[in-house]
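Here my numbering is used: the first residue of the sequence shown is 16, the next is one more, and so on. Backbone N, C-alpha and C fix where the C-beta goes; we use that ideal spot for every residue, glycine too. Notes follow the structure.
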Amino acid sequence: MNIPLVDLKAQYKSVEKEANKKVKEVLSSASYIMGKDVIEFEKEFAEYVGVKHAISVGNGTDALVVALMALGIGKGDEVITTPFTFFATAESISFVGAKPVFVDVEKDTYNINPSKIEEKITEKTKAIMPVHIFGQPAKMDEIKTIARKYNLQVIEDAAQAFGAEYKGKKVGSIGDVGCFSFFPTKNLGCAGDGGMITTSDDNIATIARALRTHGSGENGQRAYNLLNNITEEVKTSEGHDDTVYNPLKYYNYLIGFNTRLDTIQAAILRSKMSHIDMWNEKRRENAKLYDEKLKDSSITVPVTINEGKSVYNMYVVQSENRDEMVNKLKEKGISTGVYYPVPMHLQKVYKDLGYKEGDMPAAEYLSHRTFAIPIFPELTHEQKEYIIDTVKNISK
Ligand SMILES: *Cc1c(COP(=O)(O)O)cnc(C)c1O
């Protein structure tokens, strides 16, 4: 039996009819940039997450970069984050000219360890960027308490966690800003690249909207006014001020980007929104089955926190013989993924930050032990049984 780590073809099958119809509509509408589906998707997304604003962008990395810039974070600033994440988390901080400061993770939840944050705070610290890694919320109450005490902003990297909840609130609505990715393998993915910024702060939203389109247009002027303490009101023209018909399109107020979500991608994502709760629930059911069946094997199963509801973007287990396990599973047709083999503080690109092996013991420990087994919602009963039996046999 051959089982991929993520089955994108199976996922497409379950939305094929609607997605095809919607994509065709976009193609014939010829409204490819900031079309109706983008505007509607942003509204639906904001409502789902429970925030006032959702600002779509070209990918999750840009979401993080634009969010940091919208918060005014840049050169000379420090941002606290986790070393056990995808590179884009740290990269976005470096990209805006700030310095990523790593705080070790918890060995069981894989998320940033709140009890180790305070000792890393300096005069230069401006923000904390927790990652809801593999779909499980970080300990947001503890993080927000520290952020409040030191007047820091909180940027949630929710790239892997659309729909995850912490104490009944959706991730992306808990910090000052939330950032999502629609990379195809994320639990809400499109057919290419895409991303989203969420916030309930009007000013952050205005600046983010301006930055995504060359700092131009009415949002550009609004952002400029905000940043320069000008109180004059900028009127919204007929239609939507983010469209290509914006009368201030060729008037630029900030140095920004061209990072927008394609209308076609928004249409595809809209066709998936009615499925996402069911898909996330299936992931949780699969995780529960694995938890039960694998807890007595030599594999260490992931720990979930009581105050959170994970969406299991990945089901990441630990083994002392990780590389051997991964190879043997491959021989049996089961694909796995190693997340993450090199923690951020030991990446070559960050050698000048001065970290050394031993600085982040938990992240380093995990980097030698963790791997993901298939958890996607379309897994059949037979596939799950096969995965469980194979993992048990191999890990004996
Ligand atoms: C995927 C991911 C990103 C970046 O998203 P892209 O859409 O690939 O740019 C950022 N942070 C984390 C934790 C991710 O998993």
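In this structure, A103 has its CB closer than 6 Å to one or more heavy atoms of ligand 1. Within the segment 85-125, the complete alpha helix (DSSP H) segments at least 4 residues long are 102-110, listed from N- to C-terminus. In the three-state DSSP reduction, S286 falls in the helix class (H, G or I). Looking from the CA of I170, the closest CA among A69, E307, K308 and A82 belongs to A82.
Remark: C-beta atoms of A378 and F102 do not approach each other more closely than 7 Å. Checking the 6 Å criterion, the Cβ of N273 is out of range of every heavy atom belonging to ligand 1. Assignment of beta-bridge partners to F195 by DSSP yields M211. Relative to D123, the option among D367, R384, T278 and Y260 whose CA is nearest is R384. Counting C-beta atoms within 10 angstroms of its own C-beta, A105 has 16 or more neighbours from the protein chains shown and is therefore classed as buried. In the three-state reduction of the DSSP assignment, E40 falls in the helix class. When the Cα atoms are used, Y260 and S286 turn out to be separated by approximately 26 Å. With contacts defined by Cβ atoms closer than 7 Å, G210 and A225 do not form a contacting pair.
Using a 10 angstroms sphere on the CB of N408, the tally of other CB atoms stays under 16, which defines it as exposed.
The criterion of a C-beta distance shorter than 7 Å is not satisfied by A162 and V94. Contact annotation: Q175 and F149 have beta-carbon atoms nearer than 7 Å. Per DSSP, the continuous beta strand (DSSP E) segment holding Q333 begins and ends at Y330 to Q333. Residue pairing by DSSP places M144 opposite T96 in a beta bridge. Residues A69 and M211 of the same chain have their beta carbon placed closer than 7 Å to that of F60, with the five preceding and five following residues left out of the count. Counting other Cβ atoms within 10 Å of its Cβ, M293 stays below 16 and is therefore classed as exposed. About 7 Å separates the beta carbon of P389 from that of I349, a gap short enough to meet the 8 Å contact definition.
In this structure, the straight-line span from the alpha carbon of E157 to that of G207 is close to 35 Å. In the DSSP assignment, V169 falls outside any alpha helix (DSSP H) and within the unbroken beta strand (DSSP E) covering Q168 to D172. Taking the CA atoms as reference points, I54 sits about 43 Å from I403. Just so you know, the alpha carbons of N74 and M84 end up roughly 16 Å apart.
Cα atoms of G190 and K159: separation of roughly 7 Å, rounded to the nearest angstrom.
Residue nearest to D306 within the set L394, P317 and I127 is P317 (criterion: CA-CA distance). Contact between I127 and Y165 does not hold, since their C-beta atoms are separated by about 15 Å, which reaches or exceeds 8 Å. Note that the C-beta distance between D92 and K139 is below 7 Å. Shown here, T395 sits in coil according to DSSP, grouped into three states, outside any helix or strand.
Closer than 6 Å to some heavy atom of ligand 1: that does not describe the Cβ of V30.
Checking the DSSP bridge columns, you'll see H68 partnered with T214. A straight line joining the alpha-carbon of V72 with that of G89 spans about 20 Å. The segment 359-378 makes no contact with the segment 272-285, as fewer than three CB pairs between them are under 8 Å. The nearest non-hydrogen atom of ligand 1 is less than 6 Å from the C-beta of Q175. For L263, the closest C-alpha among the options L284, R237 and E233 is that of E233. Taking the Cα of A282 as reference, the smallest distance to any Cα among S46, P19 and S313 is reached at S46.
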